[in-house]
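First up is the structure itself, then whatever we jot down about it.
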Amino acid sequence: MHAAVPSTVLGAPAPTAPLVSDGVRAASAPVAHTIDRTCVDVLQIEMAATLAASAAYKTRRANDMVAQLQLDDPDARVPPALSSADEAEMALSRMEAVGTHVGACLVERLAQDRPRTQQTLERVKFVCKELWYTVWDKQIDNLRTNHRVRRVLTQGVFVLQDAAFRPLLHARDAPAYVDQQLAFATGVVQGALRRLGVAATVQADASALPQCTSPPDAGAFHVRVA
201 MHAAVPSTVL GAPAPTAPLV SDGVRAASAP VAHTIDRTCV DVLQIEMAAT LAASAAYKTR
261 RANDMVAQLQ LDDPDARVPP ALSSADEAEM ALSRMEAVGT HVGACLVERL AQDRPRTQQT
321 LERVKFVCKE LWYTVWDKQI DNLRTNHRVR RVLTQGVFVL QDAAFRPLLH ARDAPAYVDQ
381 QLAFATGVVQ GALRRLGVAA TVQADASALP QCTSPPDAGA FHVRVA
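Heads up, the final residue of the sequence shown is numbered 426 in the working numbering, and it's a clean run with no missing numbers.
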């Protein structure tokens with residue numbers, strides 16, 4: 201009768217303690233942080249006010265430089281002074297740039313563990329459901345496409361409709377703020393689609409703002425896919 205041979209003699213590795221304990225593994229796992237939705241609303245309000253003030257300061261400074269150049273040399277060719285329309289456009293472009301960055305970063309985080317899809321329509325649906333809910337706490341109410349998109353799925357126009365677009369619910373008397381929030385949302389959609397590999401231009405439309413009974417086109421975003 202043969203004696204039992206230890207597993208280490210036969211070459212099988214002996215069981216060892218794990219290098220990383222459960223406590224260390226739990227401490228290294230990312231922790232989900234949550235904040236009150238009102239804090240996000242206040243942040244967007246302050247961001248819009250800050251960018252507007254920055255654009256106003258840059259406009260005044262540029263116009264002061266133009267005026268000084270004209271005083272120093274009346275015959276010199278100097279650029280025209282910036283108008284209030286230029287100031288508003290500067291603020292909107294910067295707000296849209298912020299939205300583009302936010303949309304790209306968020307969609308990359310949301311889609312990192314999901315299988316990639318080659319269909320443009322499915323990518324737009326992802327923005328309507330997952331991204332919209334993450335940013336504005338609700339999904340898009342209606343997604344419409346033209347016939348060309350339905351057939352080809354690579355080009356055409358999508359219309360994203362939000363019947364109660366949150367940033368506009370209490371902004372009927374502040375058209376400048378409305379434009380800034382639409383610019384931010386436009387950037388979010390465009391940045392997200394670009395990160396998903398969809399070359400598109402986005403145009404916002406809020407001709408009918410939310411009221412007590414929100415119209416179906418309270419906030420519409422036209423996405424034209426190249």
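For each residue, glycine too, the CB sits at the ideal point set by N, CA and C.
ask   = Among residues of its own chain, excluding the 5 on either side of Leu310, which ones have a beta-carbon nearer than 6 angstroms to its beta-carbon?
value = Glu330
key: Any beta strand (DSSP E) of 3 or more consecutive residues that is wholly inside the region 284-347   = DSSP runs (the beta strand (DSSP E)) wholly in the region 284-347: 342-345.
query = Is the beta carbon of Leu306 less than 8 angstroms from the beta carbon of Ala392?
reply = yes
ask   = With contact counted as at least three CB pairs below 8 angstroms, one residue from each stretch, are the region 387-405 and the region 267-279 in contact?
value = no
query = What residue range is occupied by the uninterrupted alpha helix (DSSP H) comprising Ala363?
reply = From DSSP, Ala363 is part of no alpha helix (DSSP H); its letter is neither H nor E.
inquiry  = Can you check which of these residues, His422, Thr300, Leu282 and Met290, is closest to Leu429 by C-alpha distance?
reply    = Look at the range of the chain in this structure, 201 to 426, and you will see that residue 429 is not part of it.
Other residues of its chain near Ala304: CB distance less than 7 angstroms, five sequence neighbours each side excluded = Gly391, Ala392, Arg394 and Arg395
query = How far does the alpha helix (DSSP H) with Ala404 in it reach, from first residue to last?
reply = That residue, Ala404, is in no alpha helix (DSSP H); its beta strand (DSSP E) goes Ala400 to Asp405.
key: Distance between Val378 and Glu369 (C-alpha atoms, nearest Å)   = Rather than Glu, the amino acid found at residue 369 in this sequence is Leu. Using only the alpha carbons, I get a separation of about 10 angstroms.
request  = Kindly indicate which three-state DSSP category Arg277 falls into: helix, strand or coil?
outcome  = Note: Arg277 maps to coil in three-state DSSP.
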